[in-house]
Amino acid sequence: MGCKTVGRFVYDSATPQAVAAGGNLVFANATTSNDCTASAGGGVVRIQRPGLYNVFFNATIEATAAGAVEVQMRHNGAAVPGASAAVTLAAAGDLANVAFATPVTVRCCANDTVAFAADAATSATVAVCVVEKVA
């Protein structure tokens, strides 16, 4: 049995998306969306049906200042252990890629959310979230 993509959400622009410390990366386009919806604003992806899903995330972030930036996935508002990526950028304007994948279980009658929050002010030129149903 293969995986079925149920959502692919993208921000891809030459104009960097500003992300405040603690703020979510926002996806401007839902290139594929069945059983998932991207809510307007706030960078939240909603998974509408129960099951086991793999969530894949990657982004190109740009430093607004020198220092470390971590992107953490939140499932229903709670940080998911192991679903994060961090980089240390030497100067404002430096670029780095962050990526991770993690399983998510959506229980019956749930309308779960996943979001990706930066712990420090940054910006992103690309952010992609893919949600695949496994079972």
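919 is the number of the first residue of the sequence shown in the numbering used here; add one for each residue after it. All residues carry an ideal CB built from backbone N, CA and C; glycine is no exception. Quantities reported herein were computed from a predicted structural model and do not represent experimental measurements.
In this structure, the beta-carbon distance from Ala1009 to Ala1038 does not fall below 8 Å. Nearest Cα to Ala1014 within the set Ala997, Arg926, Glu988: Glu988.
Note that the region 1012–1030 touches the region 968–983; at least 3 beta-carbon pairs, one per stretch, sit closer than 8 Å. In the structure shown, Gln935 falls within a strand segment according to DSSP collapsed to helix, strand and coil. Bridge partners of Thr955 according to DSSP: Arg964. Between the alpha carbons of Phe945 and Gly1000 lies a distance of about 22 Å.
Cβ neighbours of Ala997 within its own chain (closer than 8 Å, five residues either side excluded): Gln990, Met991. With a contact defined as Cβ atoms closer than 8 Å, Gly961 and Val1049 miss out at about 14 Å. DSSP, reduced to helix, strand and coil, places Leu943 outside both helices and strands of the structure shown, so it counts as coil.
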